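Okay, structure first, notes after.
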Amino acid sequence: MATYRKRGDFQWQVQVRRNGHPNLTKTFNTKADAESWARDIESKLDKGIFIDYMPAQQTTLLMAVDRYRKEVTPKKKGWRSELSKLKILEKHLGDYSISGINSQLIAHYRDLRLEVVTGETAIKELNLISRILRTAASDWVLLYQPVTQSNLLKNPLDQRADLEDQTQMRKRN
């Protein structure tokens, strides 16, 4: 059942409560938007297909990397080299929420890193991002996975050559 509250002159807050589910609250500029959202959420709850993305919205990649560094990295044989990669990820992507990380952002990060590192190193960093997000989804119940095989490089040397060709084309134009 949804509950609506007027918040000031221009906002409406809706709260959806169901047994066995966390209370869901959101604020909108119009009551119609609030009602539409509540109907959508209630419908998904009834069908059993509701997925709560709030934890992924509230967790930054920096927080996930920090937890990964404490819980997962120490158990690995090559933990020292992974620590340096984790610092790089924190620097470039740490401020993004997990739900804010999408394939375009990953592709942009990949392209930036290819200007500095080899394709192999970029693949290792992308795989590390993927492992962090998979661990967050499976062990920490943060459902989100934007890194797919399409983001990974097929042949690192070919990718770098393509990037250099594109850079040369831009300079000519």
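Throughout, the numbering used here is defined as the position within the sequence shown, counted from one, plus 335. Yeah, the Cβ is synthetic: ideal placement off N, Cα and C, and Gly gets one too. Quick caveat: nothing in here was measured; it's all calculated off a predicted structure.
Practice item. Determine the DSSP secondary structure at Thr360, reduced to helix, strand or coil. Key: The residue labelled residue 360 in the question sits at position 25 within the sequence shown. Three-state DSSP puts Thr360 in a strand.
Check your understanding: Shortest alpha-carbon distance to Thr394 belongs to which of Glu370, Ser416, Leu380, Gly435?
Key -> The residue you call residue 394 lines up with position 59 of the sequence shown. That would be Gly435, whose Cα lies nearest to the Cα of Thr394.
Check your understanding: Mind checking Glu417: buried by the 16 CB within 10 Å criterion, or exposed?
Key -> Position 82 of the sequence shown, counting from 1, holds the residue named residue 417. So Glu417 ends up on the buried side.
Check your understanding: Is the region 366-376 touching the region 394-409, taking contact as three or more C-beta pairs under 8 Å?
Key -> no
Check your understanding: Taking the alpha-carbon positions, what's the Gly454 to His356 distance?
Key -> Your numbering for residue 454 matches position 119 in the sequence shown. Your numbering for residue 356 matches position 21 in the sequence shown. Those two C-alpha atoms are separated by around 44 Å.
**Study point:** Anticipated Cβ contact below 8 Å, Leu449 with Ala442, distance rounded
**Key:** As a first step, residue 449 is located in the sequence shown; it is residue number 114 there, counting from the start. As a first step, residue 442 is located in the sequence shown; it is residue number 107 there, counting from the start. Actually they do not touch by this definition, with Cβ atoms about 11 Å apart.
Practice item. Would you mind sorting Ser432 into buried or exposed? The rule is 16 or more other CB atoms within 10 Å of its CB. Key: Numbered from 1 along the sequence shown, position 97 holds the residue referred to as residue 432. Buried.
Check your understanding: By Cβ distance below 6 Å, which residues in the same chain neighbour Arg404 in space, the five residues on each side in sequence not counted?
Key -> Against the sequence shown, residue 404 aligns to sequence position 69. Hits under 6 Å: Leu421.
Check your understanding: Run through DSSP, which three-state label would Ser485 get?
Key -> Here residue 485 refers to the residue found at position 150 of the sequence shown. Low confidence applies to Ser485: its pLDDT is 48, below 50, so where it sits in the model is not reliable, and the reading given next is rough at best. Three-state DSSP puts Ser485 in a helix.
Exercise for review: Please state if the CB of Val451 and the CB of Glu425 are separated by a distance shorter than 8 Å.
Suggested key: On the sequence shown, position 90 is the one that residue 425 refers to. On the sequence shown, position 116 is the one that residue 451 refers to. Against a cut-off of 8 Å, the Cβ pair of Val451 and Glu425 comes out as no contact.
Review point. Can you pull the DSSP bridge partners for Ser432?
Key: Translated into the one-based positions of the sequence shown, residue 432 becomes position 97. Beta-bridge pairing links Ser432 to Thr395.
Exercise for review: Have a look at Glu406 and Asp474 and give me their C-alpha separation to the nearest angstrom.
Suggested key: Here residue 406 corresponds to residue number 71 of the sequence shown, with the count starting at 1. Here residue 474 corresponds to residue number 139 of the sequence shown, with the count starting at 1. Distance between the alpha carbons of Glu406 and Asp474 is about 11 Å.
Practice item. Measure the alpha-carbon distance for Trp414 versus Phe363 and round it to whole angstroms. Key: In the sequence shown, residue 414 corresponds to position 79, counting from 1. In the sequence shown, residue 363 corresponds to position 28, counting from 1. Rounded to whole angstroms, Trp414 to Phe363 spans 46 Å at the Cα level.
**Study point:** Which listed residue (Lys411, Glu370, Ile423) has its alpha carbon closest to that of Gln346
**Key:** Counting from 1 along the sequence shown, the entry for residue 346 is found at position 11. Among Lys411, Glu370, Ile423, the Cα nearest to that of Gln346 is on Glu370.
Check your understanding: Ala367 and Val351: beta carbons closer than 8 Å?
Key -> Residue 367 sits at position 32 when you count from the first residue of the sequence shown. Residue 351 sits at position 16 when you count from the first residue of the sequence shown. Taking 8 Å as the Cβ cut-off, Ala367 and Val351 do not qualify as a contacting pair.
Practice item. Alpha carbon to alpha carbon, how far is Asn437 from Gln392? Give it in angstroms, no decimals. Key: Position 57 of the sequence shown, counted from the first residue, corresponds to residue 392. Position 102 of the sequence shown, counted from the first residue, corresponds to residue 437. Straight-line Cα distance between these residues: approximately 13 Å.
Exercise for review: Could you check the C-alpha separation between Asp344 and Thr365 for me, to the nearest Å?
Suggested key: The count along the sequence shown starts at 1 and reaches residue 344 at position 9. The count along the sequence shown starts at 1 and reaches residue 365 at position 30. Each residue's alpha carbon lies about 10 Å from the other.
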